[in-house]
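Counting from 1 along the sequence shown, just add 343 to a position and that's the residue number in our numbering.
In this text, a Cβ means the ideal position worked out from N, Cα and C, and glycines have one as well.
Predicted model, so just to flag it, every value in this text is computed and none were measured.
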Amino acid sequence: MTQTIIILFFSLILLLATAGCTGILPVQTEVQDPAPGEPTPLPPDTVPDTLDQPQPVATGYTAITQMEIRVQTLDFSGFHDMDGLIIKYRFYDSMNRFVSFDRAPVSMEVTVYSPDTNRQNQRITPRMLYRGTATIHRSLPENNDLLRGIWIPYHELQMTDSDRGIGRIHVKATLPHGVVLEAEERYIFPVRR
């Protein structure tokens, strides 16, 4: 008899514990008014209309007023000749909207510098490790494809044993109608040799 009571007691506790998770028990939901100036919260199953509409995108290289770059490392493990840097570039108009263009030659001059400190952490004048040009003909797509961009293989960098790695990457873009834009990214990245 005692075992039956204990089993029933534990069964009741288990049932009550799982009832809130399964939706058997009613759940209290309190809706509070948002503070003035804050957006009204949406129920979790609704999506705001702004996500359904495409973001405004300017087209044509004549709309470009600014550029930003982002540098990623490329490591193919066994294929060391292909290891290097991929420079991703994005162009924007005066309203800070992404600019898409196609079939327009844009000259990109890329310069890579060493850091402003050496391996002993002493201040030095950065050395130019690489300078080259590439011509792009279209903007990069919205997706983040790893292999799209300007590729600089590590073996083309003029590194010495005293260099700490890469300190600054500078890109100068010359648009077909003569506008020149510049962007750079600063970081220290040790390069495997």
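DSSP state of residue i mapped onto helix, strand, coil
i	result
I348	helix
H498	helix
I493	strand
I356	helix
E528	strand
Bridge partner(s) assigned by DSSP for residue i
i	result
R446	Per DSSP, none; premise fails for R446.
V523	T517
V455	Y473 and I512
A401	V442
R433	E411
T416	L428
T460	R466
S481	Reading the sequence as shown, one finds Arg at residue 481 and not Ser. Answer is D445.
Local Cβ density within 10 Å of residue i, reported as buried at 16 or more and exposed below that
i	result
P377	No answer about P377 holds up, because its pLDDT of 45 lies below 50 and its placement is not dependable.
V522	exposed
G475	exposed
F419	exposed
M410	buried
Close-in-space but distant-in-sequence residues of the same chain around residue i (CB under 6 Å, 5 per side omitted)
i	result
A406	D436 and V442
T503	none
I429	Q415, L417, G492 and W494
P496	G427
H513	T454 and E527
R481	D445
Contacting residues, own chain, Cβ-Cβ under 7 Å from residue i (five flanking each side not counted)
i	result
I479	V449 and M451
P498	Before going further, note that residue 498 is His rather than Pro in the sequence given. Hits under 7 Å: D424.
R413	K431 and E528
M471	T454 and Y456
G510	Y456, S457, P458, D459, P469, R529 and I531
Residues near residue i in its chain [Cβ-Cβ closer than 8 Å; skip 5 each side]
i	result
E525	M410, H513, V514, K515 and A516
L483	K431, Y432, R433, R491 and G492
H520	Y404 and T405
Y473	V453, T454, V455, I495, E499, L500 and Q501
Taking 8 Å as the threshold, find out whether the stretch 399-419 comes into contact with the stretch 440-451 through three or more Cβ pairs.
yes
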